[in-house]
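Q: Residue numbers (the working numbering): 15 to 171.
Take this structure first; my questions come after.
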Amino acid sequence: MTVHDRIRPFDTAVTYPEQDLSNDLAQAVVAEGTVYLRGQIGQDLDTRENVGVGDVAAQAERAMDNIAMLLGECGSRLEEIVKITVYLTDIRFREAVYRVMGRRLKGVHYVSTGLVVSALARPEWLVEIDATAVIPAERRTEAAAVRAAAAREGKTA
């Protein structure tokens with residue numbers, strides 16, 4: 015058994031071919047029942063196609079879709095989120111993004127930090143959302159089985 019399960023590993027040389035980078039990353043890491051997600055943006059994780067270019071609400075929806083999908087692949091759920099950090103490239107995007115999050119995370123009562131930054135990794139990205147979730151002890155065996163299935167599909171390292 016590994017100490018950490020790394021979900022959807024990738025090399026930045028593939029993700030950012032225009033940049034002279036080669037870093038081995040993962041979309042999610044599960045360690046001791048805690049799920050750490052990479053910041054999610056308006057991008058399809060399977061095709062790497064950008065979604066909602068110019069539309070911050072559409073990008074936030076896709077980021078939340080990605081978060082839900084990754085949590086599922088880790089054996090976790092949206093309601094198990096404990097912390098979210100939101101990065102906006104313009105303060106005027108706050109209401110649109112937080113409306114999406116409020117609808118998708120109704121009743122979760124997570125802690126949140128919001129930051130306005132000058133830019134994200136690509137100029138078309140307007141919002142990035144990262145999340146941390148905790149898998150309850152009574153579900154960790156079930157969650158490990160979900161990750162083992164993902165490993166058989168080649169989605170883990």
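Backbone N, C-alpha and C define an ideal beta-carbon position, used for all residues, glycine too.
The structure presented is a predicted model; accordingly, all values stated were derived computationally and were not measured.
Report the residue from Asn-80, Leu-39, Val-67, Gly-66 whose alpha carbon sits nearest the alpha carbon of Arg-118.
A: Comparing Cα-Cα distances from Arg-118 to each of Asn-80, Leu-39, Val-67, Gly-66, the minimum goes to Asn-80.
Q: Within 10 angstroms of the Cβ of Val-130, are there 16 or more other Cβ atoms? Answer buried if so, exposed if not.
A: Exposed, since its Cβ has fewer than 16 Cβ neighbours within 10 Å.
Q: Considering only residues of the same chain and omitting the five flanking positions on each side of Met-83, which have a CB-CB separation below 8 angstroms?
A: These residues qualify, in order along the chain: Leu-59.
Q: Just how far apart, CA to CA, sit Arg-153 and Glu-94?
A: Cα to Cα, Arg-153 sits roughly 11 angstroms from Glu-94.
Q: Rounded to whole angstroms, what is the Cα-Cα separation between Val-100 and Gln-54?
A: Going from the Cα of Val-100 to the Cα of Gln-54 covers about 10 angstroms.
Q: Just mark Arg-76 as buried or exposed, buried being the case when its beta carbon has 16 or more other beta carbons within 10 Å.
A: That one is buried.
Q: How about the stretch 56–74 and the stretch 134–144: do they share at least three Cβ pairs that are nearer than 8 angstroms?
A: Yes, they touch.
Q: So is Thr-127 in contact with chain D if we call contact Cβ pairs under 7 angstroms?
A: The displayed structure is made up of one protein chain only, and chain D is not part of it.
Q: Between Val-28 and Asn-64, what straight-line distance do the alpha-carbon atoms span, to the nearest angstrom?
A: Each residue's alpha carbon lies about 15 angstroms from the other.
Q: Please go through the stretch 75–123 and give each complete beta strand (DSSP E) segment of 3 or more residues, from N-terminal end onward.
A: For the stretch 75–123, whole beta strand (DSSP E) runs of length 3 or above, ordered along the chain, are 95–102.
Q: Should Thr-26 and Asn-37 be called a contact, given that it needs their Cβ atoms to be closer than 7 angstroms?
A: Result yes, Cβ atoms of Thr-26 and Asn-37 sit closer than 7 angstroms.
Q: Out of Ala-135, Pro-150, Glu-167, state which residue places its alpha-carbon closest to the alpha-carbon of Ala-11.
A: What is shown of the chain runs 15 to 171, which leaves residue 11 out entirely.
Q: Looking only at its chain, what residues have a beta carbon closer than 8 angstroms to the beta carbon of Val-96, apart from the 5 residues adjacent to it on each side?
A: Hits under 8 angstroms: Tyr-124, Val-125, Thr-146, Ala-147, Val-148.
Q: Over the uninterrupted alpha helix (DSSP H) stretch that includes Thr-26, give me the two end residues.
A: First-last of the alpha helix (DSSP H) with Thr-26: 26–29.
Q: Hey, quick one: how far does the alpha helix (DSSP H) through Glu-155 stretch, first residue to last?
A: With the sequence shown as reference, residue 155 is identified as Thr, and Glu is not the correct amino acid for it. Its alpha helix (DSSP H) spans residues 154–166.
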